[in-house]
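Residue numbers (the numbering used here), protein chains in the order written: chain A, 5 to 233; chain B, 2 to 410.
For every residue, glycine included, the Cβ atom is placed at its ideal position computed from N, Cα and C.
Keep in mind that this is a model prediction, so the values were computed, not measured.
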Amino acid sequence: MPHSDVIISLRDVQKHYEKGDMRIPVLRGIDLDIKRGEFVAIMGQSGSGKSTLMNIIGCLDKFDGGRYAFDGRDVSNLDGNAQARLRSLKIGFIFQSFNLIPQMNALRNVELPMIYSGRPRESRHRMAKAMLGMVGLEDRIDHIPAQLSGGQQQRVAIARALVNNPSLIVADEPTGSLDSQTGELIMKQLTKVHKAGTTVLLVTHEPHIAEYAQRTVYISDGKMVKGAA
Amino acid sequence: METIQQAWLALRDHRLRTVLCILGITIGVASVMAVSTISKGGNHVVYSELETFGLNSVWVYRDYRADSPLKRQRSGSGIDNEDYQALRDRASSLGIAKVSPVVWPNNWRGRLKFGNRYSDSTLFGVNEQYAAMVNDVLETGRMFNSNDINRKQPVAIITPDIVEKLYGTNENAIGKHFLVRDRRFQVIGVLAPKSRDFLASIGSEGGQNANDRVLMPYTVIQSLNNEKSINNFQIEVIEFDDADRTGAAVQQVLTQRHRNRLSYQYDTMAGYIKTSDRILGGVAIVGIVAASISLLVGGMGILNMMSTSVLERTREIGIRKSVGASEADIQRQFLLEAVMISLIGGALGLAIGYISSVVLARVTEFPLIPSPMVLVGALLVSIAVGIAAGYLPARRAAKMHAVDALRTD
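And the structure:
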């Protein structure tokens, strides 16, 4: 596979947790390739290591062994600042619990990634408003998270994830805190993001959510497995 | 700019906590400022009162505590008019700008009489240069001159207090007379009042009431004393820093002239100033240290608040990191919050410190000496306290593991 087509390439990635003197393996050698523009779901039971894998792919966490190339560049040994830079410019996160900053209104929450990527104030405002419009919240920009429904909060989070025009969206159980109807709405939004050309990585344990993806990979006990475990 | 706005929002979120922290710094800065302003004012008062004795003054007199029995052989002041002449002849080589003999009444009281009014005052027999040396200024009339001295003219320069006692208030005293030991003196000058109130209040006014003095030609007092002795020399040195050298040189001249049979000692204003600097400096340091402790406590308040804040906002830190904040971004944010608290506190402290300085200056009657250094200093110290108190919490926030931080509730 030529490199330019592959955005994520994991080879024998391993991760342990230290607990006292014990080293508990979480990931036992993961091999995974994701193509640019692909919509991939990672499925697994809780404790299977899928969240850890997602954090590593999102450059939010480090790992102990193996190699990881993101966008053709080896990111196995990046330091904290380089990781932060990569997250800022290339990766958008969507979490199960939305993770909006409660004191800030929708607009400021969406602006936040652009503050750290260094975009000037004017264009930040414009971009954040446009993004909130795209997820259908133009009339909610000055509401704080507590004044928004779960679905609305997750849409703000999607707007926030997209605002720096990332190459990769990582969504960790994005519908886990929502009712099925709202969840469906969110998944449609994510599908739209994928259609627009962004690579989407979805982590879930619900098969009907995984169905939105083009391809599903399964993880069990820290290893990739074939088919549902 | 953006970070400042965010810091402001975060602080506004915990209004009470923030206000209490600001208050801590305010009190600290205000008390440091009040203490330093008031000690500066006090210094100024002491200096201006010491100036009434002449800042370049050296006093030389006989040392009666001399150890050799030989040197105790004679009573008397141990200084005579030939010694005076000798000092005048060698003035410049001794570093002397001006020198005056000082002669006191010998076993008689300095009572001035006018009709049935009288004044018991301190009489000084001095020369024509004395007044200038001790920064005495004439309010009216003239100073006596060398002619008056040589001819032993019975003329006198008195202070306003004496004018009031002898002639009543608002009287022009020039040309009026009074009696001392049945001799008639004419008032030729009146001195401007002098303040030694602060020194007097601590018992250091030099054993004389500055505003109850009579200056006469020293020759006149000598003739009333019936002996040509001089009690001490009032010397003004050319260079302030040479006061000790001049004092020692004069001491040596006198010892030699009296063939080693008498010994002499000297005091210098430079020495007194050194002592007073030490005392005032010590008092100021104690005050500033005490005030600084309240500033330190204020800093602890910020440290405490920021530590709590970092813990409470762990999840927020995780969120910020997940959207791309670097360690430096996070650290800057928390440091800025701490510095903002301390700067606001510092500015308020400056205002309150200034007001309390004004009030204190009124109460103590010390002059208020505004100083831009204090202003700049207080603001710099505030920033420093903020950075010092905010550094550790900010560092801890910056170093937080993003995944763990996101997992907390």
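Three-way DSSP call (helix, strand, coil) for residue i in this model
i: residue 172 (chain B); result: coil
i: residue 227 (chain A); result: strand
i: residue 210 (chain A); result: coil
i: residue 15 (chain B); result: coil
i: residue 160 (chain B); result: coil
i: residue 85 (chain B); result: helix
i: residue 5 (chain A); result: Low per-residue confidence applies at residue 5 (chain A): pLDDT is 44, beneath 50, and the placement is therefore not dependable enough to give any value.
i: residue 149 (chain A); result: helix
i: residue 233 (chain A); result: In this prediction, residue 233 (chain A) has a pLDDT of 47, which is less than 50 and means its spatial position is unreliable; what the coordinates show is noted afterwards. Here residue 233 (chain A) sits in coil by DSSP.
i: residue 50 (chain B); result: helix
i: residue 392 (chain B); result: helix
i: residue 128 (chain B); result: coil
i: residue 221 (chain A); result: strand
i: residue 76 (chain B); result: coil
8 Å contact criterion, which residue i and residue j should meet: CB distance rounded
i: residue 75 (chain A); j: residue 34 (chain A); result: Not quite, the Cβ-Cβ distance comes to about 18 Å (not below 8 Å), so this is no contact.
i: residue 96 (chain B); j: residue 239 (chain B); result: 5 Å
i: residue 258 (chain B); j: residue 92 (chain B); result: Actually they do not touch by this definition, with Cβ atoms about 15 Å apart.
i: residue 174 (chain B); j: residue 159 (chain B); result: 7 Å
i: residue 95 (chain A); j: residue 174 (chain A); result: 6 Å
i: residue 28 (chain A); j: residue 205 (chain A); result: Between residue 205 (chain A) and residue 28 (chain A) the Cβ distance is about 25 Å, and since that is not below 8 Å, they are no contact.
i: residue 355 (chain B); j: residue 232 (chain B); result: Between residue 232 (chain B) and residue 355 (chain B) the Cβ distance is about 49 Å, and since that is not below 8 Å, they are no contact.
i: residue 37 (chain B); j: residue 285 (chain B); result: 7 Å
When the options are compared against residue i, the one with the closest alpha-carbon
i: residue 181 (chain B); options: B:43, B:231 and B:111; result: B:111
i: residue 118 (chain A); options: B:306, B:327, B:229 and B:336; result: B:327
i: residue 339 (chain B); options: B:319, B:117, B:310 and B:223; result: B:310
i: residue 41 (chain A); options: A:185, A:200, A:227 and A:162; result: A:200
i: residue 324 (chain B); options: A:196, A:64 and A:139; result: A:64
i: residue 212 (chain B); options: B:134, B:120, B:155 and B:259; result: B:120
i: residue 53 (chain A); options: A:67, A:44 and A:77; result: A:67
i: residue 127 (chain B); options: B:42, B:108, B:142 and B:155; result: B:155
i: residue 98 (chain A); options: A:212, A:216, A:28 and A:157; result: A:157
i: residue 394 (chain B); options: B:357, B:124, B:409 and B:313; result: B:313
i: residue 37 (chain A); options: A:229, A:19, A:73 and A:20; result: A:73
i: residue 160 (chain A); options: A:115, A:121, A:180 and A:195; result: A:115
i: residue 218 (chain B); options: B:172, B:304 and B:104; result: B:104
i: residue 217 (chain A); options: A:154, A:193 and A:228; result: A:193
i: residue 18 (chain A); options: A:48, A:58 and A:39; result: A:58
i: residue 137 (chain B); options: B:151, B:195 and B:183; result: B:195
i: residue 139 (chain A); options: A:191, A:20 and A:32; result: A:191
i: residue 227 (chain B); options: B:378, B:20 and B:107; result: B:107
i: residue 65 (chain B); options: B:77, B:57 and B:305; result: B:77
i: residue 165 (chain B); options: B:191, B:143 and B:145; result: B:191
Whole-angstrom distance between residue j and residue i, CA atom to CA atom
i: residue 87 (chain A); j: residue 61 (chain A); result: 11 Å
i: residue 17 (chain B); j: residue 272 (chain B); result: 54 Å
i: residue 49 (chain B); j: residue 149 (chain B); result: 31 Å
i: residue 5 (chain A); j: residue 13 (chain A); result: Residue placement at residue 5 (chain A) is poorly supported in this model, since its pLDDT is 44, which falls under 50; the coordinates are not used for a value here.
i: residue 262 (chain B); j: residue 376 (chain B); result: 59 Å
i: residue 219 (chain A); j: residue 44 (chain A); result: 5 Å
i: residue 188 (chain A); j: residue 177 (chain A); result: 13 Å
i: residue 79 (chain B); j: residue 176 (chain B); result: 36 Å
i: residue 209 (chain A); j: residue 330 (chain B); result: 35 Å
i: residue 385 (chain B); j: residue 292 (chain B); result: 16 Å
i: residue 409 (chain B); j: residue 317 (chain B); result: 10 Å
i: residue 125 (chain B); j: residue 94 (chain B); result: 27 Å
i: residue 253 (chain B); j: residue 214 (chain B); result: 31 Å
i: residue 202 (chain A); j: residue 11 (chain B); result: 34 Å
i: residue 89 (chain B); j: residue 101 (chain B); result: 9 Å
i: residue 133 (chain A); j: residue 148 (chain A); result: 15 Å
i: residue 30 (chain A); j: residue 226 (chain A); result: 5 Å
i: residue 265 (chain B); j: residue 234 (chain B); result: 11 Å
i: residue 320 (chain B); j: residue 366 (chain B); result: 59 Å
i: residue 283 (chain B); j: residue 47 (chain B); result: 15 Å
i: residue 370 (chain B); j: residue 183 (chain B); result: 50 Å
i: residue 170 (chain A); j: residue 93 (chain A); result: 6 Å
Contacting residues, own chain, Cβ-Cβ under 6 Å from residue i (five flanking each side not counted)
i: residue 233 (chain A); result: Low local confidence applies: a pLDDT of 47 at residue 233 (chain A) is under 50, so the model's placement there is unreliable, with the coordinate-based value given in what follows. The answer, listed in chain order, is 222 and 224.
i: residue 295 (chain B); result: 28, 29 and 32
i: residue 6 (chain B); result: none
i: residue 163 (chain B); result: 120 and 122
i: residue 39 (chain B); result: 361
Neighbour flag for residue i against chain C, beta carbons, 7 Å
i: residue 318 (chain B); result: In summary, chain C is missing from the structure at hand, where the protein chains are A and B.
Residues of its chain near residue i, where Cβ-Cβ distance is below 7 Å and the 5 sequence neighbours each way are ignored
i: residue 8 (chain B); result: 334, 337, 338 and 341
i: residue 15 (chain A); result: 35, 70 and 71
i: residue 167 (chain B); result: 113, 115, 118, 120 and 179
i: residue 383 (chain B); result: 26, 30, 343, 344, 346 and 347
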